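Right, one structure below, let's go through it.
Numbering (the numbering used here), first residue to last: 17 to 368.
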């Protein structure tokens with residue numbers, strides 16, 4: 017086996033990336049992209065870094081050739097740094113203007129602020145030139161295959177524990193939504209019922225689950241985590257009705273506090289079951305000024321949990337219907353909707 021050509025350090029102006037992209041020679045390949053989508057606030061913060069002369073992390077590009085003879089062409093495949101390059105190319109293509117970011121989340125420079133609301137072509141020529149000529153450090157790979165590229169990143173990340181999805185969101189987003197859910201994950205309720213383990217908190221699994229619950233308050237039940245990145249991005253810089261949603265979340269926790277012991281002694285200590293009970297409670301609290309007292313439903317919820325401890329062959333009625341929603345793909349949207357519907361009906365009947 018021939019030894020692979022090692023990466024070669026180089027520098028390219030942003031205008032080079034823009035030009036190659038327009039020629040369809042620069043490929044932003046999703047198969048190497050692991051980060052969540054960027055919000056407009058993150059993109060603008062990046063542009064501020066460029067016009068302020070701050071250094072950006074290097075990008076990795078795999079240089080390949082396609083075709084033969086006169087049809088032969090060079091392809092530049094971006095394997096790391098896609099989000100940065102995509103944001104820069106979008107801005108240079110006038111796809112969005114600079115926005116007024118929140119100072120706490122994305123503290124932009126004094127150079128940036130006078131140009132809020134402007135696209136790239138509306139900036140003064142001097143700033144256009146700064147962006148056009150900004151030098152970006154590049155590591156050039158030569159005709160590496162997928163196996164070699166993935167092996168490279170395994171080596172680069174060898175001493176670092178791989179970030180999970182929520183840890184990536186925490187490293188990518190600094191705005192309104194992430195601030196809200198990280199505060200909600202610290203509510204005393206979670207400690208009182210012993211819902212999360214120390215490991216959950218260490219790997220931010222508590223924040224991730226609370227994010228899913230918070231999304232219920234905003235936009236009802238969702239398919240497992242598929243929409244989380246969208247909410248983090250959409251509500252990163254501006255979060256309309258944030259205080260209203262946070263208040264509704266607290267109202268739901270207040271209702272669940274009335275049956276708190278269930279979360280230590282029954283199956284409702286499991287995330288899939290708690291998610292459904294939380295969603296059903298959100299629905300019951302709709303248009304209420306005070307949190308609904310769920311204590312009259314405690315006995316029925318305990319009976320359901322106890323019934324579900326039996327072998328599947330002995331289940332019947334509501335317990336059998338509920339069991340069918342948790343045996344396969346319990347976090348799929350259809351299964352979640354069925355499970356929430358069953359619990360909502362049980363709660364409403366008990367609270368009459």
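Ideal Cβ positions, reconstructed from N, Cα and C, are used throughout, including at glycine.
Here the structure is a predicted model, which means the values were calculated and not measured.
- Distances from the alpha-carbon of residue 268 to those of 237, 253, 279, 229 put 229 closest.
- Every unbroken stretch of the alpha helix (DSSP H) spanning 4 or more residues and falling wholly within the region 227-263 is given here in chain order: 244-250.
- When secondary structure is reduced to three states using DSSP, residue 90 falls in the strand class.
- Setting aside the 5 residues that flank it on each side, residue 321 is surrounded in the same chain by 282, 283, 284, each with a C-beta closer than 7 Å to its C-beta; the list follows chain order.
- DSSP places residue 180 in no beta strand (DSSP E); its state is neither H nor E.
- Only residues of its own chain outside the window of five on either side were considered, and among them 261, 264, 265, 268, 298 have a CB closer than 8 Å to the CB of residue 233, listed in chain order.
- The alpha-carbon of residue 295 is positioned some 35 Å away from that of residue 116.
- Here the C-alpha atom of residue 250 lies approximately 16 Å from the C-alpha atom of residue 61.
- Only exposed fits residue 204, as fewer than 16 other CB atoms lie within 10 angstroms of its CB.
- For residue 28, the enclosing beta strand (DSSP E) begins and ends at 24-29.
- In the DSSP assignment, residue 280 falls within the unbroken alpha helix (DSSP H) covering 278-281.
- By the C-beta criterion, the region 19-36 is judged to be in contact with the region 146-153, since at least 3 inter-stretch pairs fall below 8 Å.
- If you look at residue 80, you'll find it in the beta strand (DSSP E) that goes 75-82.
- According to DSSP, residue pairing for residue 153 in a beta bridge involves 27.
- For residue 329 and residue 275, the gap between their C-alpha atoms comes out near 29 Å.
- Within the same chain, Cβ atoms closer than 8 Å to the Cβ of residue 311 are found at 274, 275, the five residues on either side in sequence being excluded.
- If you check the CB distance, residue 147 and residue 67 come in under 8 Å.
- The C-alpha of residue 160 lies about 11 Å from the C-alpha of residue 95.
- In terms of Cβ geometry, residue 157 and residue 71 do not form a close pair [threshold 8 Å].
- Take residue 222, set aside five residues on each side of it, and the residues of its chain with a beta-carbon closer than 6 Å to its own are 201, 212, 216, in chain order.
- Looking at the DSSP output, residue 96 sits in a beta bridge with 76.
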